[in-house]
Amino acid sequence: MVYSNSVEATHPPTSSSTSPSTEDDAPVVIVGAGIVGLVLALALHKQLGITPIIYEKCSQFQPIGAGMSVYPNGLRVLRDLGLLKTVQNASYPYTTRQWERHDGSVIMTAQEEVLGRNEDDTTPLRTVGIKRWKLQIILLSAVQSKGIPIHFGKAIQEVRENKSSNGTVNVQLSDGTQRDASLVLAADGTNSVVRKYVTEIESQNHPLKHAGTTTLMGLASIPRNDRISIVTSLTSQCHAVFFPVSSTEQCFQFHFPMTKETSDCDESWATMTKTVEQEQCQELAQRLTKDGWDEQYIRPLRSVSQAIQINSCLLDQKLEKWVRGNVVLLGDAAHPPVPFTGQGAQQGLEDAGTLALLLRALCCSTRGKLDVQHMSQALKLYEQIRIPRVNELLDLSQLTGDQRRKRSQSARYAEVREEIIQRQVFFHETSSNMLPGATHDYRKAIEKAFKALPQRMPILIEDDEDEE
Ligand SMILES: Cc1cc2nc3c(=O)[nH]c(=O)nc-3n(C[C@H](O)[C@H](O)[C@H](O)COP(=O)(O)OP(=O)(O)OC[C@H]3O[C@@H](n4cnc5c(N)ncnc54)[C@H](O)[C@@H]3O)c2cc1C
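Numbering follows the numbering used here, with no gaps: position 395 of the sequence shown is 523.
Right, here's the structure in full:
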């Protein structure tokens, strides 16, 4: 792939050896070993040959969380890291997407392959459902196999401009130590501490607000066919989603409007004790039985193996900048999501893939070394490409959530929307809310941004061999 840009000659990486730097030499710090932090580490290693250092607040990974969808736009990033087959083998593909009512009646069915249509993909990509924990293990194993160091149990407490050492940033760790970094990449989630430094807003939690929905999400060992179902209920006034995560397990999500602020955004993804998890699921199962839900939707609640409560919190105002100097925000740290189009994690994956390719194109003349000369141009482009894209998808996700909520509250609205869904599937072959997210190719967006620059200069980014 050839990109054009306006900067002085920056050559493509010249050597194919990765020559990983030692930990002490490593100039790049990643904050957070969530899905985005791990993908970013792999992308930097693959695209630039550099070995970042990852700091993770948790002392170890726990099998928490439930399931998630990985859409074709996210799969494109994983494919470019050589992880597509591994992820596909650990997940379950969707063949159809179906809109249903709580009594089991069907509103409309669409073929999921529509979301994977992209002329540049040699093999069309199909959305998959996967346990979040499994995806995290795949990424962690890949990171460890590259020798990328992860320091568990070490939280970044503060980031400071380093006045004594030009161009570096100082990070303060929870164990009382500190270190300098040439680049700090913050994937520290919805409650990011680094966001405070980037936005220069003092109060940490002030910018977060409840999105108005609370979600009960869980896994059950009940096989589900290859269909993702979106279900609305006028009797329970809620909406739900069911999708397979393996041939024997499924994930469910029940979304309820939040009547009052029950928690303070400190924990958006709250794990529950086994007792609370069972109580909540059994209680909901009883309520749904009374409300006339079809048994297929109630069974997973009765057989729940693991559940999580999502208190969706959004930033009060979307961020206008994700970069301050050499400190960059990615993933939920930059854009906390709402869980209605499945694009939250995909946008973080696109952030990671985009940033790594921009740094490779503009800041890497020798593999394994980061050339800081054009760093600000690379980071400016990162913001220009990513902020409008993410904002559009955040709005679309909120709109989708609002439409489903209203369908569960007004019979008249439900009737009108159902007709719109049927028309959209007829004309677009699926819901038009799903297309902008899934069909996007992050590489194309970079290419477009380079082409739009006033002066053109070819920069070669070769497609590497698939490592699988
Ligand atoms: C516990 C949990 C469970 C989840 N379960 C699901 C699920 O079942 N389904 C789903 O679709 N999505 C789930 N998500 C959300 C989903 O993983 C994210 O929305 C998406 O993957 C983007 O991830 P991220 O890496 O940007 O943020 P996150 O996944 O939130 O990861 C951020 C990481 O940074 C670490 N961290 C935070 N602060 C610091 C600090 N100061 N220093 C160092 N490290 C820090 C956190 O411990 C975490 O590992 C879950 C998130 C969490 C945190």
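Cβ coordinates follow ideal geometry from the N, Cα and C atoms, glycine included.
Am I right that residue i and residue j are in contact with their C-beta atoms under 8 Å? What's the rounded C-beta distance?
i: K337; j: C441; result: 7 Å
i: T341; j: M400; result: 17 Å between Cβ atoms; not a contact.
i: A314; j: V455; result: 7 Å
i: S560; j: Q552; result: 5 Å
i: I436; j: G193; result: 6 Å
i: F371; j: G257; result: 4 Å
i: Y199; j: G470; result: 6 Å
i: R514; j: D479; result: 6 Å
i: I574; j: L507; result: Not really, about 14 Å apart at Cβ, beyond 8 Å.
i: V322; j: V159; result: 6 Å
i: L362; j: S233; result: Rounded, the Cβ-Cβ distance is 12 Å, inconsistent with contact.
i: H173; j: I276; result: 6 Å
i: G195; j: V373; result: 4 Å
i: S431; j: I350; result: 6 Å
i: R495; j: L209; result: Their Cβ separation, rounded to whole angstroms, is 16 Å, which puts R495 and L209 out of contact at 8 Å.
i: S525; j: F468; result: 5 Å
Going by alpha carbons, who is nearest to residue i out of the options?
i: R204; options: K579, V500, T255, G193; result: T255
i: I178; options: A169, R260, K185; result: A169
i: L581; options: Q512, Q272, T318; result: Q512
i: E241; options: D354, H230, A161, G295; result: D354
i: F554; options: M236, T343, S433; result: M236
i: L311; options: S320, G195, N290, G232; result: N290
i: F384; options: T360, Q378, W397, C393; result: T360
i: T224; options: Q216, Y510, Q239, V234; result: Q239
i: Q190; options: Q306, Q434, V322, S525; result: Q434
i: L509; options: V156, F578, S197; result: F578
i: G420; options: L458, V159, Q475, S364; result: S364
i: I356; options: V271, C379, S431, L267; result: C379
i: L487; options: Q272, R533, H556, S504; result: S504
i: L498; options: A283, G295, S269; result: G295
i: A368; options: K418, K324, A566, G529; result: G529
i: I284; options: Q526, G210, V432, N298; result: N298
i: F280; options: G244, Q381, K185; result: K185
i: H502; options: L490, T494, R495; result: L490
i: E228; options: R288, S197, R532, K576; result: R532
i: D444; options: T327, A309, L416; result: T327
i: D460; options: N319, H556, V432; result: N319
i: G317; options: Q526, A161, P564, L521; result: A161
i: A171; options: L524, T417, K274; result: K274
i: G202; options: L477, F468, V156; result: L477
i: Q408; options: F382, R307, D231; result: F382
i: L522; options: Q474, G304, S197, G481; result: Q474
i: V404; options: G565, G346, L416; result: G346
i: K402; options: Q410, S396, E395; result: Q410
i: L267; options: E286, Q300, E247, I163; result: I163
i: V518; options: L447, Y222, G453, E423; result: L447
i: T567; options: Q306, A270, G453, L253; result: L253
i: C366; options: E423, E546, L412, S302; result: L412
i: V157; options: Y541, E395, V287; result: V287
i: Q424; options: I358, P564, P335; result: I358
i: L344; options: I438, S187, L563; result: I438
Which residue or residues does DSSP assign as beta-bridge partners of residue i?
i: E286; result: Q300
i: I356; result: R225
i: K337; result: L442
i: D308; result: N298
i: M345; result: Q381, I436
i: I276; result: Partner(s): none; I276 has no beta bridge.
i: Q239; result: T224
i: L457; result: A314
i: V234; result: E228
i: V321; result: In DSSP, V321 forms no bridge with anything.
i: S361; result: C366
i: R452; result: V455
i: I574; result: Note: I574 sits in no beta bridge, so no partner.
i: I258; result: M196
i: V156; result: L311
With 9 Å set as the bound, which would you pick, yes or no: does the beta-carbon of residue i sit closer than that to a beta-carbon of chain B?
i: P385; result: Any reference to chain B falls outside this structure, which holds one protein chain only.
Jot down the residue ranges of each uninterrupted beta strand (DSSP E) in the stretch 158 to 222, minimum 3 residues, whole runs only, in chain order. 181 to 184, 195 to 198
Which ranges does the alpha helix (DSSP H) cover as unbroken runs of at least 4 residues, wholly within the stretch 363 to 426, from first to last along the chain? Listed in chain order, the complete alpha helix (DSSP H) runs (minimum 4 residues) inside the stretch 363 to 426 are 402 to 418.
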